[in-house]
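Scroll down for the structure; my scribbles are underneath it.
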Amino acid sequence: MKTDKKYWKLGRRELKTEIFDIDTDGSLLVREGNYQYRIMDLINHYKTPLEIVFPFMIEKSLLELTDTFNNCIKQAGYSGKFFYHYPMKVNQNKEFVLPIVSEGGNLEVASVNELWLVKKLWEKGRFNPNLRVICNGPKAEPYLELIRELKAKGLQIIPVIEDRAEMKHLLSPEGRVNGPLGIRVDVDLKIKSRWDKKINRYGLTPAEILEIGRIPRLKLLHYHIGSQVENIDDLVRLVREAMKLYSQVKINNPNLDIIDIGGGFPANYEKKVSYPYSGVVKNIVNVVKEMSDRSGQPAPDIVVEWGRFLVAPAQITIFKVLHTKKIDNAVAKKWYVVDGSFINDLSDTWAIHQKWHITPVNNMLDRKLDPVWLAGSSCDSDDKYTAGGSYILLPEIDSTDEQPQYIAVYDTGAYQDSLSSHHCLLSSPAKIIVQNGDITVARRRETSEEIGRLFGW
Ligand SMILES: *Cc1c(COP(=O)(O)O)cnc(C)c1O
């Protein structure tokens, strides 16, 4: 069987695998410009399970997105500006946040602790004072206290009102936060996404916002009602719906000048189709322009918070196949038991039946493949990956093989780390950062002693 680079869908820009290639020995290779990294060398040195982060992927993607928006804005003769805000909850690790800040990205935080990370960066004097932070999430007093403290120090922050009680509090003498405010609307449009809830509990309804009328210092109108929106034209439908409200709200709130369209652009987990965003970006800019022209209002600045699309491709997770087990009467013939855990470290596999692109790391060329299921190392029967009841094709393991079989799971950079856990007290994978020809350890593999301490031993 010809299992080459094309077969494994590597080296394809439109699938976000452009940095991957196969070496002459049939093992996985990563290219960063003229640097290259042999994954087998990294495995031999750092062992498995292993997470490998490629910050240069994030920098490149953000630059491309910013250029695309700016070009569309120019071509459309649009008078507003584009701002990217990175939703930190998608991955708060330093090696993910810093590349975004370094490429001019702004931030969006969801909790007091995420804002505290911003404070740490701010205190080092490493921020351009133009950097702006949008604060979402319920704002209990410690969160508001930190917002006030950082605003007093000169950081630009826009807290987003989540409900009426919060609005009342933010505008009251005791809860007051100075400066511009945002408000979140639950746009009245159903789309298919990872946010398939019949009833959304976030934000105010359009009717509620209109009923309030004037909201002092209102600068930003925000919505976020979908994640992994696979029909990307839905993103444009949402903008159109939100802009109807924007024009009406602007009548009573002349300071309103930002439309914040939230997250939702999909990551390419399955590599079955591509998600080109240039058409969507063009349509978003055109719709906002058309609707502001129609209402005779100035065009707003456009804020985008697409998270997983940007950071998912910047990490892969490597497992070793420990042993195989025969399966009777199923589409898969064998279990490949791996030395990591889906429940613990790729939790969305379990929580939302996430599908992943998976390839071997060695034996990639011209091997016979077996349909298999993957089993994690915890003792939970749910700790498995079956590609949604289908199977994964991986090299047949031969008892005469000198090397164990290693596998790579792609696009693991979004959401998995902060959701990870320690079921069966397995250690989290070690994590390394690969950039500019250098390799640094971001997280050592936890020792038994360290794990014991987490549990009071
Ligand atoms: C989670 C979240 C995002 C990011 O969503 P993606 O699906 O990762 O693009 C953006 N904005 C807000 C307010 C969020 O809660």
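Under my numbering, the sequence shown has 1326 at position 335, and the numbering climbs by one with no breaks. Beta carbons are placed, not taken as given, at the ideal position from N, Cα and C, and that holds for glycine.
Could you check whether residue j and residue i sit closer than 9 Å to each other, using their CB atoms as the reference points?
i, j, result
"L1416", "P1386", "no"
"L1180", "L1229", "yes"
"N1244", "R1192", "no"
"V1363", "I1309", "no"
"S1419", "D1336", "yes"
"K1080", "Y1406", "yes"
"Q1396", "I1383", "no"
"L1212", "Y1237", "yes"
"T994", "L1356", "yes"
"K1262", "L1445", "no"
"V1302", "F1087", "yes"
"M1449", "R1358", "A question about residue 1449 goes unanswered here, because the residues of the chain that appear run from 992 up to 1448."
"K1038", "A1323", "no"
"V1178", "Y1214", "yes"
"N1061", "F1045", "no"
"I1293", "G1071", "yes"
"L1041", "R1029", "no"
"L1313", "D1339", "no"
"E1140", "K1115", "no"
"V1124", "V1103", "no"
"N1222", "G1017", "no"
Spatial neighbours of residue i within its chain, please: C-beta separation below 7 Å, excluding the five flanking residues on both sides.
i, result
"E1094", "E1050, L1053, L1054"
"N1169", "K1142"
"N1277", "A1067"
"D1408", "N1082, N1084"
"G1166", "L1135, H1160"
"Y1470", "Missing from the structure shown is residue 1470; the chain here goes from 992 to 1448 and no further."
"K1316", "K1325, W1326, V1328"
"S1332", "G1367, S1368, S1369, D1374, H1414, L1417"
Residue range of the beta strand (DSSP E) that residue i falls in?
i, result
"A1421", "1421 to 1426"
"E1055", "Segment 1046 to 1067 is the alpha helix (DSSP H) holding E1055; no beta strand (DSSP E) there."
"D1429", "1429 to 1434"
"L1360", "1360 to 1366"
"K1325", "1325 to 1329"
"P1304", "Neither: P1304 is in no beta strand (DSSP E) and is coded neither H nor E."
"F1011", "1011 to 1013"
"D1251", "1249 to 1251"
"V1400", "1397 to 1400"
"R1004", "Element bounds for R1004: n/a, residue is neither H nor E."
"L1019", "1019 to 1023"
"T1350", "1349 to 1351"
For residue i, I'd like the list of residues in its chain whose CB is within less than 6 Å of its CB, leaving aside the five on either flank, ordered along the chain.
i, result
"W1297", "G1254, F1256"
"Y1077", "I1091, G1096, L1098"
"S1283", "A1290"
"D1225", "I1182"
"V1432", "I1423"
"K1342", "Sequence check: residue 1342 is Ala here, not Lys. Closer than 6 Å at the Cβ level, and outside the excluded window around A1342, lies no residue."
"Q1426", "P1046, F1047"
Could you tell me whether any Cβ in chain B is nearer than 9 Å to the Cβ of residue i?
i, result
"L1417", "In summary, chain B is missing from the structure at hand, where a single protein chain is found."
Just to confirm the assignment, what range does the alpha helix (DSSP H) spanning residue i have?
i, result
"Y1026", "Counting along the chain, Y1026 falls outside any alpha helix (DSSP H), though it belongs to the beta strand (DSSP E) covering 1026 to 1029."
"A1342", "1339 to 1342"
"R1444", "1439 to 1445"
"E1232", "1224 to 1243"
"I1318", "Looking at the DSSP string, I1318 is not in any alpha helix (DSSP H), and its letter there is neither H nor E."
"D1336", "1333 to 1336"
"D1408", "1407 to 1410"
Please work out which residues of its chain come closer than 8 Å, Cβ to Cβ, to residue i, disregarding the five sequence neighbours upstream and downstream, and give them in chain order.
i, result
"I1138", "L1106, C1126, K1130, I1148, P1150, V1168"
"E1009", "G1002, R1003"
"R1155", "L1195, E1199, I1203"
"I1152", "M1158, L1161, L1172, G1173, I1174, R1175, L1195, I1206"
"G1234", "A small correction: the amino acid at residue 1234 is Met; Gly does not occupy that position in the sequence shown. Excluding sequence neighbours, M1234 sits near I1250, V1278, V1279, M1282, S1283."
Assuming residue i contacts residue j under a Cβ cut-off of 8 Å, what Cβ separation, rounded to an integer in Å, is found between them?
i, j, result
"V1400", "I1307", "6 Å"
"G1217", "S1184", "3 Å"
"D1402", "W1326", "Not confirmed; about 23 Å, so no contact."
"L1108", "Q1083", "6 Å"
"S1265", "N1274", "Wrong, their Cβ atoms sit about 17 Å apart, outside the cutoff."
"Y1026", "G1404", "That belief does not hold up - the Cβ atoms of Y1026 and G1404 are roughly 19 Å apart, past 8 Å."
"I1043", "I1423", "6 Å"
"G1379", "H1344", "6 Å"
"D1012", "K997", "Wrong, their Cβ atoms sit about 11 Å apart, outside the cutoff."
"Y1268", "T1059", "7 Å"
field: In chain order, each alpha helix (DSSP H) run of at least 4 residues that lies wholly inside the segment 1259 to 1300
entry: Scanning the segment 1259 to 1300 for uninterrupted alpha helix (DSSP H) segments of 4 residues or longer gives 1269 to 1286, listed from N- to C-terminal end.
- request: Starting from the N-terminal side, write out each stretch of the beta strand (DSSP E) that is 3 residues or longer and does not extend beyond the segment 1138 to 1219.
  value: The segment 1138 to 1219 contains, as complete beta strand (DSSP E) runs of 3+ residues, the segments 1147 to 1152, 1172 to 1175, 1209 to 1213 (chain order).
Sequence ranges, beta strand (DSSP E) only - wholly within the segment 1079 to 1147, length at least 3: 1097 to 1100, 1123 to 1126, all fully within the segment 1079 to 1147.
field: Minimum length 4: unbroken alpha helix (DSSP H) runs contained in the segment 1369 to 1393
entry: The segment 1369 to 1393 contains no complete alpha helix (DSSP H) run of 4 or more residues.
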